[in-house]
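Chains as they are written, first to last, in this note's numbering: chain A, 517 to 920; chain B, 539 to 836. Contents: one structure, followed by commentary.
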Amino acid sequence: MNKIWLVAKETYRREVKTWSYLLMILAPFLLVFFSFVIGMVSAGGSDDNYVGVVTSNSVLKQAIKKSEDFDNYSTEAKAKKAYKDEDIDGYVLIEQKNNQLAATYYSDEKMDSDLKSELLTSLNTAQQQLNLSKAKLTTKQTQSLATRAQFKQQVKHVEKKSFDNDPVKQISFWVLLIILYMLVITYTQVTAQDIATEKGTKIMEVIFSSMPGGDYFTGKILGIFGEIITQVLIYVVGFVAVYCAAPYIDGFSDLFRQYKPMIDQAIGNLASWGLVFTIIGLVLFIIFAAFCGALVAKSENANKAVGPLSTLMLIGFLFTVNMQSGGDTIFAKVLSYIPFLSSFVMPARVIMGNATNLEAAISALIALAATVASFIWIRKIYPNLILQTDDVGPWQNFKRSLRG
Amino acid sequence: MLKIEHLNKSFGSTQVLFDVSFNVSDGRILGLVGKNGSGKSTIFHSILKFVDYDGQISIDGHSFSAKDYDTIGYLPEERSLMPKLTIEDQVVFLASLKGMPAKKIKEELPDWLSRLAVKGIPMDKIKSLSKGNQQKVQMIATLIHQPKLIILDEPFSGLDPVNVDLMKQLILEEKRKGATIIFSDHDMRNVEELCDDVVMINDGHIVLNGPVNEIKNSFGLTRIFVRTDKSAAELSALPGVKDVILQNNGMKLLILADEKYGKDIFNQLSDGQYIQTFDQEPPTLDEIFKMKAGARHE
């Protein structure tokens, strides 16, 4: 056991000390950082994207005061000057004649549709007030006019569950898919490359003279898994830090509070079956990546060897992406029980509400059994695979390894 | 004592070792010689359990246990180190797998580097070293944990004569410390110089096995090195001479049918006078090897 840990430690230490690993870890943080900086810069540049409003109507003035997109100007001359000085994108002159409000927008370009909609809502509210005061209605009549129609839904049967209108499920789905895809694609490449490089240096004979090849394989997989755990832990710590600090960050706290229930729900979705399938899927892909890496005699062929695995992963990924619109087909149900693909498909089905916990548990058990069986089998033939250093191609190498 | 009994090994339908049996006694050096592909490396791989085999391989009367592998030092035929690691990291990793504490390895490494005249310090990357120095580092990784059994697969290949001598000294030093050593080589002079015993293998069969001197002497003193004015034709006419081979510096090598002709030839060549050189010897291992390897081919 001590030697297995020595190998795991060496594998882990050798990889985490590299610049490529550091960059891989930092990449998402750098992405977030630069997005934030770019956002800040753009936000800074859009400070003058206001529209001036010149009106004498008190209701409108109050509404404009609360708006983040409009500014009140007392006179048209002042608004015109601000527009000329490029402090505002344009101005709206609102006049009131015979109890009717008339707005005219002056600018080089048409008003943005969102701004227009916001302005029209305020204008209609103000116009409604004017209409009511002109009609001189009693309180009862006013209340009566405010009565609205009711709308209820009673759905008896749902044909196809999707989450088009459920942002929590959408977030959970995409986050899970992207995390799994990124981890699998990164670590299958890293593993195959590492194994093929070692094989290429022919150092394995020396190592196998000290310990059984199967134990070395176990140590190697543990070391690679340690790298993944380190990466995931760093992200978790980073996320927890942002999660805890967000309520205290100016300009971000309101947004965070608004979306906090959604984020909490998404975390809940990810921390259940999503996590189980991600772990099992990753281990399975890594075991086979090690197998692929051991099939080639030269490290430069590692990417080629891992090709079938990448294709399998891509099929899982694309199929799951398609499920977002395609729903829960019989094909999706079948694939959600096939190891490799089940890691993508089943958690997505669970998030969409198309699979029960029992179905997920059965699929997880199948994937786990496949992972354990693959590990035992590859562990057994690994020494023979690694010691075949003639460049005879992956298939011949595989056949030779079976002969012992 | 390392004992190999009735070792048979096949890869698929191809048998590569046939009933191979030999012993290596404690504190002795055994040379395993044979042509390329004769099965030398497969014997090493069998001892190290890299491959499955039929037969028995034991050490000190018992089958190899995990603990026994910690007492083996193995230098493979193809030199192999991780180029991106430092000398220290590489040696510490490999020797730690043999159970040697990392602290002790780090303490002893500078001394080993100095003894083997490696041009580099422990923190130098392997890839920054010359090929010869990399081989020396690999030898250090093989020996630093003081193995009881040392297996060296062609330890001198690719080394210049100065470094070959350095390695030979190191091997003899390990022998003096009590290690049992088994090594393979194509150059029979190295085997003659270093080995107590030799096993000659050809196409998976053992063709010779025993102490070097006994094997050589069993072929008789059938080689005469002589420096004389007589021509090759005159020498060929002498009794019992099978062949005459011209050597450097006017030396001639006479191959005899039997060592008993030596005395007559000496008398005829000297004719009661002074003779510059007359040296009657057994055949070299190289000659024996060629004879034996050729015999199986015929």
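All residues carry an ideal CB built from backbone N, CA and C; glycine is no exception.
* **Span of the beta strand (DSSP E) around T702 of chain A** => That residue, T702 of chain A, is in no beta strand (DSSP E); its alpha helix (DSSP H) goes P683 to T717.
* For the beta strand (DSSP E) that contains H544 of chain B, what are its first and last residues? -> Where H544 of chain B is concerned, the enclosing beta strand (DSSP E) stretches over L540 to F549.
* To do: Alpha carbon to alpha carbon, how far is A864 of chain A from L786 of chain A? Give it in angstroms, no decimals.
  => For L786 of chain A and A864 of chain A, the distance between alpha carbons rounds to 10 Å.
* Neighbour list for V532 of chain A in chain B, Cβ cutoff strictly below 8 Å -> What V532 of chain A touches in chain B: nothing, since even the nearest Cβ is about 14 Å away.
* Asked: Counting only beta-carbon atoms, is K718 of chain A nearer than 8 Å to chain B?
  -> True, the Cβ-Cβ gap to chain B drops below 8 Å.
* For C760 of chain A, is the classification buried or exposed, using 16 other Cβ atoms within 10 angstroms of its Cβ as the cut-off for buried? -> So C760 of chain A ends up on the exposed side.
* Asked: If you draw a straight line from the C-alpha of S858 of chain A to the C-alpha of E712 of chain B, how long is it?
  -> Using only the alpha carbons, I get a separation of about 57 Å.
* Apart from the five residues just before and just after G670 of chain B, which ones in its own chain have a Cβ nearer than 8 Å to its Cβ? -> Only G696, L697, D698 and N701 meet the Cβ criterion.
* Spell out whether any CB of chain B is found under 8 Å from the CB atom of W535 of chain A. => Chain B contact via Cβ: absent.
* To do: Return helix, strand or coil for A618 of chain A, following the three-state DSSP convention.
  => Looking at A618 of chain A - three-state DSSP - the assignment turns out to be strand.
* Using alpha carbons as the reference points, say which of B:P821, B:D598 and B:Q814 lies closest to H766 of chain B. => A small correction: the amino acid at residue 766 of chain B is Thr; His does not occupy that position in the sequence shown. The candidate whose alpha carbon is nearest that of T766 of chain B is B:Q814.
* **Range of the contiguous alpha helix (DSSP H) that encloses M778 of chain A** => Note, M778 of chain A: alpha helix (DSSP H), S769 to N785.
* Asked: Between the stretch 719 to 747 of chain A and chain B, which residues of the former have CB atoms less than 7 Å from a CB of the latter, in chain order?
  -> Within the stretch 719 to 747 of chain A, the qualifying residues are I719, E721, V722, I723, F724, S725, S726 and M727.
* Touch test, the stretch 630 to 642 of chain A against the stretch 567 to 584 of chain A, Cβ-Cβ under 8 Å, three pairs minimum -> Using a C-beta cut-off of 8 Å, the stretch 630 to 642 of chain A makes contact with the stretch 567 to 584 of chain A, since at least three inter-stretch Cβ pairs fall below that distance.
* Taking 8 Å as the threshold, find out whether the stretch 860 to 880 of chain A comes into contact with the stretch 808 to 827 of chain A through three or more Cβ pairs. => Taking 8 Å as the limit for Cβ pairs, the verdict is that the stretch 808 to 827 of chain A does not touch the stretch 860 to 880 of chain A.
* Identity of the residue in A:S826, A:F914 and A:A806 nearest Q709 of chain A by Cα -> The closest CA to that of Q709 of chain A, considering only A:S826, A:F914 and A:A806, is found on A:A806.
* Measure the alpha-carbon distance for V736 of chain B versus L708 of chain B and round it to whole angstroms. => For V736 of chain B and L708 of chain B, the distance between alpha carbons rounds to 19 Å.
* Asked: Is the beta carbon of S841 of chain A sitting closer than 8 Å to the one on Y607 of chain B?
  -> Cβ atoms of S841 of chain A and Y607 of chain B: not closer than 8 Å.
* To do: For H544 of chain B, count neighbouring Cβ atoms within 10 angstroms of its own Cβ and tell me buried if that reaches 16, exposed if not.
  => Counting Cβ neighbours within 10 Å, H544 of chain B comes out exposed, since fewer than 16 surround it.
* Asked: Are the stretch 756 to 774 of chain B and the stretch 804 to 824 of chain B touching by the rule of at least three beta carbon pairs closer than 8 Å?
  -> Two segments are said to touch when three or more pairs of C-beta atoms, one from each, lie closer than 8 Å; by this definition the stretch 756 to 774 of chain B touches the stretch 804 to 824 of chain B.
* Kindly provide the ranges of any alpha helix (DSSP H) runs that are 4 or more residues long and lie completely inside the stretch 544 to 604 of chain A, ordered along the chain. => For the stretch 544 to 604 of chain A, whole alpha helix (DSSP H) runs of length 4 or above, ordered along the chain, are 574 to 582 and 592 to 600.
* **For N870 of chain A, three-class secondary structure by DSSP** => Assigned with DSSP and collapsed to three states, N870 of chain A falls in coil, not helix or strand.
* Name, please, each residue of chain A whose Cβ falls closer than 9 Å to the Cβ of S588 of chain B. => Contrary to the premise, residue 588 of chain B reads as Phe rather than Ser in this sequence. For a Cβ distance threshold of 9 Å, residue set E721, F724, S725, G729, P899, N900 and L903 of chain A lies close to F588 of chain B, ordered along the chain.
* Asked: With which residues is F721 of chain B paired in a DSSP beta bridge?
  -> Answer is B:G569 and B:L690.
* Mind checking if H835 of chain B is an interface residue toward chain A, Cβ cutoff 8 Å exclusive? -> Caution is warranted here: a pLDDT of 43 is assigned to H835 of chain B, below 50, making its placement in the model unreliable, and the coordinate value is therefore given only provisionally. For H835 of chain B, the closest Cβ of chain A is not nearer than 8 Å.
* To do: Could you tell me which of A:Q616, A:I854, A:P544 and A:Y732 sits nearest to F588 of chain B, measuring between CA atoms?
  => It is A:Y732.
* To do: Could you name the residues of chain B that E816 of chain A contacts, counting a contact when the two beta carbons are closer than 8 Å?
  => Listed along chain B is no residue with a C-beta nearer than 8 Å to that of E816 of chain A; the closest approach is about 15 Å.
* To do: Could you please give the first and the last residue of the uninterrupted alpha helix (DSSP H) stretch that includes M677 of chain B?
  => Residue range K669 to L681 is occupied by the alpha helix (DSSP H) that includes M677 of chain B.
* Does the beta-carbon of A810 of chain A have 16 or more other beta-carbons within 10 angstroms, so that it is buried, or is it exposed? -> Classification for A810 of chain A: buried.
* To do: Could you check the C-alpha separation between P621 of chain B and K665 of chain B for me, to the nearest Å?
  => Rounded to whole angstroms, P621 of chain B and K665 of chain B show a C-alpha spacing of 5 Å.
* At a CB-CB cut-off below 8 Å, which residues of chain B make contact with K519 of chain A? -> Neighbours of K519 of chain A on chain B, chain order: L635.
* To do: Report the rounded CA-to-CA distance for S623 of chain A versus K582 of chain A, giving the unit in angstroms.
  => Straight-line measurement puts the Cα of K582 of chain A at about 22 Å from the Cα of S623 of chain A.
* What residues match up with I793 of chain B in a beta bridge as DSSP calls it? -> According to DSSP, I793 of chain B bridges with B:R761 and B:D781.
* Asked: From D766 of chain A to G754 of chain A, what distance separates their C-alpha atoms?
  -> Approximately 19 Å, taken between the alpha carbons.
* Asked: For L538 of chain A and chain B, any beta-carbon pair shorter than 8 Å?
  -> Output row for L538 of chain A: interface = no.
* To do: May I have the straight-line CA-CA distance separating G658 of chain B from L651 of chain B, to the nearest angstrom?
  => Cα-Cα distance, rounded: 8 Å.
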